[in-house]
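Anchor point for the sequence shown: position 61 equals 60 in numbering that gives the first Met the number 0, and the numbering is continuous, going up by one each time.
Read the structure below first, then the notes.
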Amino acid sequence: MMVDRDDSWYRLAACTGLPTALFFPDPTRPDPASVAEAKTVCGRCPVVEQCRDAGASEAHGIWGGLTASERHAVDRPAPQEAA
Ligand code: SF4
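This is the structure in structure tokens:
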């Protein structure tokens, strides 16, 4: 089944033309300097919110300036306080 998604926002992406590998570091051994470089690019991207939404369920890569573990931490509900 084909999913109709509007990904026209990507035309404004600050990462256009940069190496894809910069945004998809090795998940077993991510290079902190490379991750920081990717986040710097995301920090000046005009479509960071759209990218973060698009990558919310992605298992790998840096989307909207967040790594996979950071995205999943954002999605996780806050622990309930004991009554
Ligand atoms: S937020 Fe980062 S990964 Fe997403 S489109 Fe912008 S530069 Fe690319």
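For every residue, glycine included, the Cβ atom is placed at its ideal position computed from N, Cα and C.
Nothing here was measured: the structure is a model prediction, and the numbers come from that model.
Heavy atom of the ligand SF4 within 6 Å of residue i beta-carbon
i, result
"G42", "no"
"V47", "yes"
"A12", "yes"
CB of residue i within 7 Å of CB of residue j, strictly
i, j, result
"G64", "V46", "no"
"C44", "A13", "yes"
"V34", "P24", "yes"
Residue of the options minimising C-alpha distance to residue i
i, options, result
"W8", "G60, A72 and A53", "A53"
"A31", "T19, L11, T15 and T66", "Position check: residue 31 holds Pro in this sequence, whereas Ala was assumed. When each option's Cα is compared against that of P31, the closest is T66."
"S68", "P26, K38 and Q79", "P26"
Bridge partners - residue i, DSSP secondary structure assignment
i, result
"L65", "W62"
query: Hey, which unbroken runs of the alpha helix (DSSP H) at 4 residues or more fall wholly within the stretch 0 to 33?
result: Counting whole runs of 4 or more residues, the stretch 0 to 33 contains the alpha helix (DSSP H) stretches 19 to 22.
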